[in-house]
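First comes the structure, then the notes that go with it.
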Amino acid sequence: ATWESGMQHPTLAFGSYLVPDTFDCAPVRFMRPNVGGTASAAVGSTVGDAAGSTERYTVTDLPAHCTLSLFFSDWNRDGGVDLRVSNDRNYDREAREQLWRVRSGEPIREYTTDDGWRDLTIWGMGIASFDLTGDGKPEVYLTSQADNKLQTLDDDATGPSYRDIALARGATATRPYTGGDVLPSTAWHPEFDDVNNDGIIDLFVSKGNVEGQVDYAAFDPNNLLLGRADGTFVERGDAAGIANGARSRGAAVVDLNLDGLLDLVVVNRRVPVEIHRNVGNGTADEPRTLGHWVSLRVNQPAPNTQAVGAIVEVRTSNRIITREITVGGGHASGEAGWLHFGIGTSNTADVRVTYPGDEPRSWQTVEADAFYVVQSGSVPVRWQPNRN
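Here the sequence shown is numbered in this note's numbering, starting from 658 and rising by one per residue.
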């Protein structure tokens, strides 16, 4: 989901994978709110607002290739939000990844090679995005079977021209790292977050065989790739205690008990959900965080109260960490609410928000190891959970 300028309701996209009772790839359903409810559907039908408003959605079926992940993002930080579509080639050998241009007042349009887009065919499962290089523009991680990608924009790109840097960054995660199985991995949900609060982003990837696929690893543990200062990743899933080999699908990296340490929730196929508590370098009885942190909840006036599309920056003495508030991506997963930032040894940090359609606001200083509500037009307000 995303919010286009001037609209009272979000723009939505839904992927359905297969047409029911067939092996044909289903289209992506793109739903755009109309002003006043007078427009008719370009393809499909108009869907009335459940609240009884006169505003309605125009529904357009976008040609896709068995979609498993959808992600709205301002990939080049030009203020526009486009729709990235990750497709599974299992039922369509010509399936390719897609990027659709979404601009207020214009028809949605697919980017092509004329725009600089490079065709990529994978078993697309999930999408994650984060600015790893510090240039303000996010890299994109795409999960697949045996060929996960970490894409970055070309240095001189004027359009969506991406190249793969997964091998150079140690983020391919193509085979199990423990357990003895040497067959290729099957990756599902990717998520960037700072699990050890050192100020360097980490990457979690859920793994698991589809269902008896003998050409792929049967024991395929989830990855926890810790980011290093040189920009590369190193595997620490085994040391973290998450390498149990269940066939995982969706997941969430989230601070469940509000102690500043990000925990892990993993949804598995045919076995119970896992909840892994992060105790840092301590114990379950005495958890100890590995570094300082701040957690932010960014709000603005209605209708887009959660500031979807905003760019949030946290500045310490040695780096600026940038996050985009998004809805979507991943695989069978999602997140909303608090944004967690590890800030290492810093005791304070500066926070700046660029709200959708606005200029960057001024920097505001916050204390480490605390939660803050950041409201448009106000200074950050410290928030404390009710422990009663």
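From the three backbone atoms N, C-alpha and C, an ideal C-beta is built for every residue, glycine too.
Own chain partners of residue i with C-beta closer than 6 Å, once the 5 adjacent residues on each side are dropped
| i | result |
| --- | --- |
| N935 | L918, L919 and D920 |
| H666 | P690 |
| A830 | N805, V862 and N880 |
| G937 | L918, P944, R945, T946 and L947 |
| G672 | V685, T724 and L727 |
| Y834 | E892 |
| E931 | V923 |
| D895 | T835 |
| V797 | S786 and Q808 |
| A897 | L881 |
| Q957 | A964, Y1012 and S1033 |
| V1038 | V1030 |
| D788 | P795 and T979 |
| L953 | L996, Y1029 and V1031 |
| S662 | S761 and G1014 |
Within 9 Å, strictly: CB atoms of residue i and residue j
| i | j | result |
| --- | --- | --- |
| Q1041 | V1031 | no |
| P929 | A964 | no |
| P841 | D872 | yes |
| R686 | V716 | yes |
| W1050 | D735 | For the chain, the structure presents residues 658 to 1045; residue 1050 sits outside this window and is missing. |
| L807 | I784 | no |
| N1043 | E1024 | no |
| V923 | E970 | no |
| Q755 | A803 | no |
| L996 | R980 | yes |
| P878 | N901 | yes |
| F1028 | V951 | yes |
| T770 | T790 | no |
| L799 | S743 | yes |
| D692 | F729 | The residue you asked about is not Asp; residue 692 is Val in the sequence shown. Going by C-beta atoms, V692 is not nearer than 9 Å to F729. |
| M664 | S761 | yes |
| A658 | G888 | no |
| V820 | E868 | The question names Val, but residue 820 in the sequence shown is Arg. No, the Cβ-Cβ distance between R820 and E868 is not below 9 Å. |
Cβ distance (whole Å) where residue i is taken to contact residue j below 8 Å
| i | j | result |
| --- | --- | --- |
| D1026 | H933 | Contact doesn't hold; Cβ gap of about 22 Å is too wide. |
| I978 | F998 | 6 Å |
| G987 | E848 | 6 Å |
| S818 | G773 | 4 Å |
| V891 | G836 | Contact doesn't hold; Cβ gap of about 18 Å is too wide. |
| D838 | D850 | That belief does not hold up - the Cβ atoms of D838 and D850 are roughly 27 Å apart, past 8 Å. |
Cα-Cα separation between residue i and residue j, rounded to whole angstroms
| i | j | result |
| --- | --- | --- |
| T815 | G737 | 14 Å |
| I779 | V1036 | 45 Å |
| A874 | R832 | 8 Å |
| L669 | G991 | 14 Å |
| Y674 | T724 | 5 Å |
| R753 | D916 | 42 Å |
| A1006 | I765 | 39 Å |
| D776 | A941 | 48 Å |
| V911 | R713 | 35 Å |
| I968 | T1011 | 5 Å |
| F876 | D678 | 31 Å |
| W732 | K794 | 6 Å |
| H846 | D745 | 14 Å |
| Q870 | T843 | 10 Å |
| L883 | I899 | 14 Å |
| R972 | G994 | 20 Å |
| D706 | E763 | Note on D706: pLDDT 42, under 50, position unreliable in the model; the coordinate value appears next. One C-alpha to the other measures close to 22 Å. |
| S710 | A909 | Any reading at S710 must be qualified, since the residue scores a pLDDT of 39, below 50, and its modelled position is unreliable; the value itself is stated next. One C-alpha to the other measures close to 34 Å. |
| M782 | S801 | 6 Å |
| D718 | S974 | 48 Å |
Sequence-distant residues of its chain with Cβ nearer than 8 Å to residue i (five each side left out)
| i | result |
| --- | --- |
| R885 | I857 and V891 |
| F680 | Y748 |
| W660 | P667, T668, P960, N961, V965, G966 and P1013 |
| R976 | G791 and G856 |
| E606 | Within the shown structure, residues of the chain are numbered from 658 to 1045, placing residue 606 beyond reach of any answer. |
| A989 | W845, H846, R906, G907 and V924 |
Cβ shell of residue i (< 7 Å), same chain only, five flanking positions each side left out
| i | result |
| --- | --- |
| E1016 | none |
| V676 | A683 |
| E767 | Q755 and W757 |
ask   = Hey, is the region 861-871 in contact with the region 895-906, meaning 3+ C-beta pairs nearer than 8 Å?
value = These segments touch.
key: At least three beta-carbon pairs within less than 8 Å, the region 1000-1008 to the region 849-857   = yes
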